[in-house]
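Asker: Protein chains in written order, with the working numbering: chain A, 261 to 359; chain B, 2 to 307.
Just so it is clear, CB atoms sit at the ideal spot from N, CA and C, and this is done for glycine as well.
Below is the structure I would like to discuss, written out as structure tokens.
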């Protein structure tokens with residue numbers, strides 16, 4: 261099972277045409293191993309990208325070099341996944357006798 | 002199905018059980034059609050809601066073609082129950098179902114959905130291996146024969162938007178294609194994705210306008226107004242290429258080219274900051290607001306035969 265330990269989702273907002281066109285090519289930047297959750301559409305519309313821990317520093321440097329504004333949308337994916345899994349297990353246990 | 006927990010996410014086997022229960026409870030109204038098999042051999046189940054007649058005009062709704070978009074499968078379960086509970090009570094859905102059939106495919110990419118539960122919650126594509134590459138799977142929303150291979154899809158198997166080796170190469174896609182063509186009387190086709198709060202219509206592969214653009218735009222506006230009026234969720238709407246980006250080989254471009262005028266695709270909500278990990282307490286409000294707009298689309302298709 262992929263646990264997504266150390267993975268984060270960054271939210272990036274393009275503020276000019278050059279940044280927008282860079283973001284449109286994120287998926288082709290294989291070196292960062294990104295998973296584009298929400299792709300680039302237009303200026304000021306946020307882009308969400310899941311970044312694995314081993315490329316985090318390099319990707320953040322790329323963003324800073326190109327003067328992107330970004331924030332952390334999901335700090336710790338593993339924590340959310342663990343909570344989601346627990347909730348499903350709990351709900352399944354509750355539901356079993358009724359079903 | 003009354004005690005089914007609609008406010009939580011469910012495994013594939015629970016979805017399959019739910020479908021069988023719904024059919025068993027409503028044998029004269031709901032039936033299950035198996036339109037094909039996934040690559041890994043799972044049934045591609047479609048629920049048919051019908052009050053009679055043969056080959057009536059029909060509405061198609063699918064959820065979950067992208068496996069990780071769990072809010073869509075969860076909404077599909079809620080829609081199925083909603084159709085059953087509202088028929089005979091709500092005049093609008095009753096009128097629609099007295100004249101049209103509804104087909105609902107809840108787990109459109111079952112192999113991918115199963116994989117999201119056991120191995121990788123973030124899986125999007127199908128699971129068929131790609132010869133010569135270690136990365137399996139095809140993006141089933143780039144695999145349709147509508148501008149296949151043009152911009153906005155990838156020829157690289159490890160990409161999330163890999164289009165596959167040829168149009169309809171994925172059985173999950175081909176099965177729908179064959180069903181739609183053999184049915185021949187589907188009047189509205191709605192394919193549901195998540196998340197960025199959009200209601201979109203063709204085209205995605207070309208900047209050319211759909212010939213029904215004006216009507217599709219006005220109807221999208223009406224549907225979105227209905228959706229937003231419920232919980233204030235803000236949606237954008239328009240054709241795919243202008244509203245999001247170029248995407249070739251997409252589902253509703255193909256259905257529109259097949260003559261299904263009311264071809265729409267949704268991106269459901271994440272009004273917060275969760276993306277594909279939308280908390281389960283948002284399932285029911287998401288399904289409710291989406292249903293409100295689906296009713297606008299379905300009612301229009303019913304009242305505007307072509």
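Short of 9 Å Cβ to Cβ, which residues in the stretch 273–294 of chain B face chain A?
Answerer: Cβ contacts with chain A: 274, 275, 276, 277, 278, 280 and 281.
Asker: Starting from residue 215(B), follow the beta strand (DSSP E) in both directions and report where the run begins and ends.
Answerer: Taken as a continuous stretch (DSSP letters only), residue 215(B) belongs to no beta strand (DSSP E), being part of the alpha helix (DSSP H) at 214–232.
Asker: In whole angstroms, what separates the C-alpha of residue 304(A) from that of residue 305(B)?
Answerer: Cα to Cα, the separation comes out at about 38 Å.
Asker: How about residue 339(A): is its C-beta nearer than 8 Å to some C-beta of chain B?
Answerer: So no, residue 339(A) is outside the interface.
Asker: Hey, how far is the Cα of residue 353(A) from the Cα of residue 346(A)?
Answerer: Rounded to the nearest angstrom, the two C-alpha atoms are 11 Å apart.
Asker: Around the Cβ of residue 86(B), are there at least 16 other Cβ atoms within 10 angstroms (buried) or fewer (exposed)?
Answerer: Residue 86(B) is exposed by the Cβ-count criterion.
Asker: Helix, strand or coil: which one does DSSP assign to residue 119(B)?
Answerer: Reduced to three states, the DSSP call for residue 119(B) is helix.
Asker: Take the Cβ of residue 158(B) as the centre, count every other Cβ of all protein chains shown within 10 Å, and call the residue buried at 16 or more, exposed below.
Answerer: Result: buried.
Asker: Would you say residue 161(B) reaches chain A, if we count a Cβ-Cβ gap shorter than 8 Å as a contact?
Answerer: Yes, residue 161(B) lies at the interface with chain A (some Cβ there is under 8 Å from its Cβ).
Asker: I want to verify the contact list: residues of chain B whose CB lies under 9 Å from the CB of residue 277(A), in sequence order.
Answerer: Within 9 Å Cβ-Cβ: nothing; residue 277(A) doesn't reach chain B, min ~14 Å.
Asker: Taking the alpha-carbon of residue 261(B) as reference, which of 4(B), 299(B), 225(B) and 160(B) has the nearest alpha-carbon?
Answerer: Nearest C-alpha to residue 261(B): 299(B).
Asker: Report the three-state DSSP secondary structure of residue 357(A) (helix, strand or coil).
Answerer: Only weak support exists for where residue 357(A) lies, its pLDDT of 48 falling under 50; the value from the coordinates is given anyway. Residue 357(A): helix per DSSP, three-state reduction.
Asker: In the DSSP assignment, find the beta strand (DSSP E) that holds residue 266(B) and state where it starts and stops.
Answerer: First-last of the beta strand (DSSP E) with residue 266(B): 263–269.
Asker: Please report whether the beta-carbon of residue 272(A) lies at a distance below 8 Å from any beta-carbon of chain B.
Answerer: Not closer than 8 Å to any Cβ of chain B, the Cβ of residue 272(A) fails to qualify, so no.
Asker: How about residue 281(A): is its C-beta nearer than 8 Å to some C-beta of chain B?
Answerer: Not one chain B Cβ lies under 8 Å of residue 281(A).
Asker: Cβ atoms of residue 281(B) and residue 312(B): under 8 Å apart, would you say?
Answerer: Within the shown structure, residues of chain B are numbered from 2 to 307, placing residue 312(B) beyond reach of any answer.
Asker: Say the cut is 7 Å; is the CB of residue 208(B) nearer than that to a heavy atom of the ligand NAD?
Answerer: The model depicted lacks the ligand NAD and carries no ligand whatsoever.
Asker: If I follow the unbroken alpha helix (DSSP H) through residue 74(B), where does it start and stop?
Answerer: It spans 71–87 - the alpha helix (DSSP H) in which residue 74(B) sits, taken as one unbroken run.
Asker: Report yes if the C-beta distance between residue 252(B) and residue 145(B) is below 8 Å; otherwise report no.
Answerer: It is a contact, given that the beta carbons lie within the stated cut-off.
Asker: Can a CB atom of chain B be found closer than 8 Å to the CB of residue 358(A)?
Answerer: Here residue 358(A) scores only 48 on pLDDT, less than 50, and its place in the model is too uncertain to base an answer on.
Asker: Using the rule of at least 16 other Cβ atoms within 10 Å of the residue's Cβ for burial, across every protein chain shown, is residue 141(B) buried or exposed?
Answerer: The residue is buried, with at least 16 neighbouring Cβ atoms inside 10 Å.
Asker: Name the two residues that bound the continuous alpha helix (DSSP H) containing residue 286(B).
Answerer: Unbroken alpha helix (DSSP H) run through residue 286(B): 284–304.
Asker: For residue 265(A), which residues of its own chain have a beta-carbon under 8 Å away from its beta-carbon, when the five flanking residues on both sides are left out?
Answerer: 313 and 338.
Asker: Please report the straight-line C-alpha distance between residue 175(B) and residue 165(B), rounded to a whole angstrom.
Answerer: Each residue's alpha carbon lies about 12 Å from the other.
Asker: Give, in chain order, every residue of the stretch 108–140 of chain B whose Cβ lies closer than 8 Å to some Cβ of chain A.
Answerer: Listed by position, the residues of the stretch 108–140 of chain B near chain A (Cβ gap below 8 Å) are 119, 120, 121, 122 and 123.
Asker: Look at the alpha carbon of residue 269(A) and the alpha carbon of residue 100(B), and state the distance between them as a whole number of angstroms.
Answerer: If you take the alpha carbons of residue 269(A) and residue 100(B), they lie about 46 Å apart.
Asker: Find out if the Cβ-Cβ distance for the pair residue 287(B), residue 267(B) is shorter than 8 Å.
Answerer: No. Outside cutoff.
Asker: According to DSSP, which residues form a beta bridge with residue 33(B)?
Answerer: Answer by DSSP bridge pairing, in chain order: 48(B).
Asker: What is the DSSP secondary structure of residue 348(A), reduced to helix, strand or coil?
Answerer: Residue state, collapsed to three classes: helix.
Asker: Say whether the stretch 123–141 of chain B touches the stretch 206–224 of chain B, bearing in mind that this needs 3 or more beta-carbon pairs closer than 8 Å, one atom from each stretch.
Answerer: Too few Cβ pairs lie closer than 8 Å, so no.
Asker: Give a yes or no on whether 8 Å exceeds the smallest Cβ distance from residue 14(B) to chain A.
Answerer: With 8 Å as the cut-off, residue 14(B) does not count as an interface residue toward chain A.
Asker: Using a Cβ-Cβ cutoff of less than 8 Å, which residues in the same chain neighbour residue 13(B) once the five nearest sequence positions on both sides are dropped?
Answerer: Counting only Cβ-Cβ distances below 8 Å, and skipping sequence neighbours, we find 43, 108, 111, 114, 115 and 118.
Asker: If we call anything under 8 Å between Cβ atoms a contact, is residue 60(B) one with residue 188(B)?
Answerer: Cβ atoms of residue 60(B) and residue 188(B): closer than 8 Å.
Asker: Between the Cα of residue 282(A) and those of 293(A), 299(A) and 333(A), spot the shortest distance and give me the residue it belongs to.
Answerer: Nearest option by C-alpha distance: 299(A).
Asker: In terms of DSSP beta bridges, what is residue 155(B) paired with?
Answerer: DSSP output for residue 155(B) lists 163(B) as bridge partner(s).
Asker: Alpha helix (DSSP H) containing residue 97(B): first to last residue?
Answerer: Start and end: 92–98.
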